[in-house]
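Colleague: Structure in structure tokens, see below.
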Amino acid sequence: MDKLIARAAEMVINSNLTLALTGAGISVESGIPDFRGAGGLWSKYDPAEYASIEAFRADPEKVWQMLRDMDEIVSAAKPNKAHIGLGELEKMGYLHYIITQNVDNLHQEGGSRNVIEYHGNSNTLSCLWCGKKYKSDAKRSEFPPRCECGKILKPDVVFFGEPIPPEALSRSFQLASSAKVLLVIGTSALVSPANTIPTIAKQNHAKVIEINMERTHLTNSITDIFLQGSAGEIVEAVVQEIKRRGGGNHLM
Ligand code: NAD
Ligand code: ZN
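Under this note's numbering, the very last position in the sequence shown is 829; numbers go up by exactly one each time.
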């Protein structure tokens, strides 16, 4: 493992464009369950039943029960060693962008600035009927929160069946096409189209470093270095190794 960490650190040090693609697994150590792991929120609410736009349109009140429980977990969560380590890497000039599938804001809380929110953000709510937008904080006392037109509001996160925010989609495509190194952290890479990012990067000759508790379908196909373990521990080890080898700041 030490050898693999050293190789990964060296790849990052030698790259002039490094991206991270993160998924629910990076926030598991912050107490937010992922979709695939057993137990927690998703044993109570099947994402297929609750997280699709059809489900929301058909019964927004029911979907808001899940959203309220999720909000409770997410608002209590704090960034873990993986979020903080990526924030440090950005400050040192070794990590240029994070593309996250998460909607929990933990990268920003962990000190990252260049975060592309591929699946949106839950800080705002929109009305699917009249288009009006609200700050989530302003609607916290209402359940379910309603627009002034009377309809139930939807958080600005991407539900299954909804399009990716166009700017996040095009920016991610552009970055993936020119990245030298891609860190894929805590994602099963089963959700489309986010899972095209590793393929696009690889086709354009990026090195792919995958960090996950378990092997995924990427591991044997496009991953160059697989670092098996928890995101917090592995990211911390990679950051330490980069500091040891590369020293202070990376000149870009
Ligand atoms: P996923 O649940 O499909 O996969 C999570 C992956 O993380 C798995 O491969 C698992 O082995 C791995 N993992 C679990 N714990 C880990 C740890 N401690 N360290 C490293 N790896 C770990 O998640 P996905 O691929 O992101 O797809 C699910 C979709 O649902 C995405 O859109 C996701 O962002 C969304 N979602 C978001 C949150 C959140 O915002 N925190 C939580 C649940 C689901
Ligand atoms: Zn409205």
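Virtual Cβ for every residue (Gly too), placed ideally from N, Cα, C.
Over the uninterrupted alpha helix (DSSP H) stretch that includes Ser747, give me the two end residues.
Modeller: Looking at the DSSP string, the run of the alpha helix (DSSP H) that includes Ser747 is Pro743 to Ser755.
Colleague: If you follow the alpha helix (DSSP H) that Val640 is in, where does it begin and where does it stop?
Modeller: Taken as a continuous stretch (DSSP letters only), the alpha helix (DSSP H) holding Val640 covers Pro637 to Ala653.
Colleague: So is the beta-carbon of Val680 under 7 Å away from any non-hydrogen atom of ligand 1?
Modeller: For ligand 1, at least one heavy atom lies less than 7 Å from the Cβ of Val680.
Colleague: Please tell me whether, using a cut-off of 7 Å, the distance from the CB of Lys731 to the nearest non-hydrogen atom of ligand 2 is below it.
Modeller: False, no ligand heavy atom lies under 7 Å from that Cβ.
Colleague: Opposite Ile788 in the DSSP bridges: which residues?
Modeller: Looking at the DSSP assignment, Ile788 forms a beta bridge with Ile762 and Leu804.
Colleague: Can you list, in chain order, the residues of its chain with a C-beta nearer than 6 Å to that of Asn700? Leave out the 5 residues immediately preceding and following it.
Modeller: Here the set comprises Ser713.
Colleague: Which residues share a DSSP beta bridge with Pro732?
Modeller: Bridge partners of Pro732: Leu702.
Colleague: Are Glu686 and Pro656 touching if we call contact CB-CB under 8 Å?
Modeller: Result yes, Cβ atoms of Glu686 and Pro656 sit closer than 8 Å.
Colleague: When the distance is taken between beta carbons, is Lys779 closer than 8 Å to Ile799?
Modeller: Taking 8 Å as the Cβ cut-off, Ile799 and Lys779 qualify as a contacting pair.
Colleague: From the DSSP secondary-structure annotation, give me the bridge partner or partners of Gly697.
Modeller: The partner list for Gly697 (beta bridge, DSSP) reads Val734.
Colleague: May I have all residues whose beta carbon comes closer than 6 Å to any heavy atom of ligand 2, sorted in chain order?
Modeller: Spelled out in chain order, the answer is Cys704, Trp706, Cys707, Lys709, Cys724, Cys726 and Lys728.
Colleague: Provide the residue(s) that pair with Ala597 in DSSP beta bridges, ordered along the chain.
Modeller: According to DSSP, Ala597 bridges with Ile675 and Leu760.
Colleague: Kindly list the residues whose CB is nearer than 6 Å to the CB of Ala814, restricted to its own chain and excluding five residues on each side of it in sequence; keep chain order.
Modeller: Correct list, in chain order: Ile582.
Colleague: With 16 other CB atoms within 10 Å as the buried threshold, where does Met647 fall?
Modeller: With 16 or more Cβ atoms within 10 Å of its Cβ, Met647 is classed as buried.
Colleague: Does the Cβ of Gln751 have 16 or more other Cβ atoms within 10 Å, making it buried, or fewer, making it exposed?
Modeller: When all chains shown are included, Gln751 counts as exposed.
Colleague: Let me confirm a value: Ser524 is counted as buried when at least 16 other C-beta atoms fall within 10 Å, else exposed. Which label applies?
Modeller: Residue 524 lies beyond the residue range present for the chain, which begins at 578 and ends at 829; the question has no answer from this structure.
Colleague: Return the first residue and the last residue of the beta strand (DSSP E) that Lys710 is part of.
Modeller: Start and end: Lys710 to Lys712.
Colleague: Give me, in chain order, the residues of the same chain whose beta-carbon lies closer than 7 Å to that of Leu746; leave out the 5 immediate sequence neighbours on both sides.
Modeller: So no residue of the chain qualifies.
Colleague: For Arg723, write down the residues that DSSP places opposite it in a beta bridge.
Modeller: Answer is Ile729, bridged to Arg723.
Colleague: Please confirm whether Leu760 and Ile788 have their CB atoms less than 8 Å apart.
Modeller: Yes.
Colleague: Nearest to Ile777 by alpha carbon, out of Ile693, Ser755, Arg792 and Ser765?
Modeller: Among Ile693, Ser755, Arg792 and Ser765, the Cα nearest to that of Ile777 is on Ser755.
Colleague: Given a threshold of 16 other Cβ atoms within 10 Å of its Cβ, counted over all protein chains shown, does Lys668 qualify as buried or as exposed?
Modeller: Exposed.
Colleague: Between which residues of its own chain and Ile697 is the CB-CB distance below 7 Å, once the five residues before and five after are set aside?
Modeller: The amino acid at residue 697 is misidentified as Ile; the sequence shows Gly. Taken in chain order, the residues that qualify are Val680, Asp733, Val734, Val735 and Pro742.
Colleague: Val680 CB to nearest chain D CB: under 8 Å?
Modeller: Absent from the structure: chain D. Only one protein chain is present.
Colleague: Can Asn593 be considered in contact with ligand 1, in the sense that its beta carbon sits closer than 7 Å to one or more heavy atoms?
Modeller: No.
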